[in-house]
């Protein structure tokens, strides 16, 4: 089974992380995943087409912000909080706090779907 490539912790760099965090949908996805629970792609809700949501999830994965796991035809995603904290101490907490204050990404959340 094909598994998506993920950068090792040491390969996560600031510019791709900041670029990935520059979009309100992706901020919303990170906020939704900030409880560090693995979520099926089908559980995630955003005001975009499924193909666009898939693109946003790929950007987050390629930057090293999330980890995607495939199980059969379903995909699951989780936030790489510990890896990000090792590379950029305090960055994720600062971004999440600012997003909360400014209500960035509040239109992204969880639906009732299972898996992905």
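In this note's numbering, the protein residues as written are 8 to 123. Where a beta carbon is used, it is the ideal one built from N, C-alpha and C, also for glycine.
Buried or exposed: residue i, going by 16 or more other Cβ atoms within 10 Å of its Cβ?
i	result
residue 50	buried
residue 110	exposed
residue 59	exposed
residue 90	buried
residue 112	buried
For my contact list, residue i and residue j are in at a C-beta cut-off of 8 Å; report their separation, rounded to the angstrom.
i	j	result
residue 75	residue 86	About 11 Å separates the two Cβ atoms, so there is no contact after all.
residue 70	residue 24	5 Å
residue 34	residue 101	Not confirmed; about 12 Å, so no contact.
Need the endpoints of the beta strand (DSSP E) that residue i sits in, please.
i	result
residue 151	Limits of the chain in this structure are 8 at one end and 123 at the other, which puts residue 151 out of reach.
residue 86	81-86
Could you check where the alpha helix (DSSP H) with residue i kicks off and where it finishes?
i	result
residue 59	57-70
residue 23	21-27
residue 38	31-40
residue 107	98-109
If we call anything under 7 Å between Cβ atoms a contact, is residue i one with residue j?
i	j	result
residue 39	residue 116	yes
residue 72	residue 27	yes
residue 20	residue 93	no
residue 47	residue 81	yes
Does chain D have any CB closer than 7 Å to the CB of residue i?
i	result
residue 58	Although the question refers to chain D, the structure presented lacks it and comprises just one protein chain.
Can you list, in chain order, the residues of its chain whose CB lies under 7 Å from that of residue i, leaving out five sequence neighbours each side?
i	result
residue 31	111 and 112
Cutting at 6 Å between CB atoms, please list the residues of its own chain near residue i, excluding the five before and the five after it.
i	result
residue 83	45, 47 and 76
Enumerate in chain order the residues of its own chain whose CB-to-CB distance from residue i is below 8 Å, with the five nearest sequence positions on each side excluded.
i	result
residue 42	none
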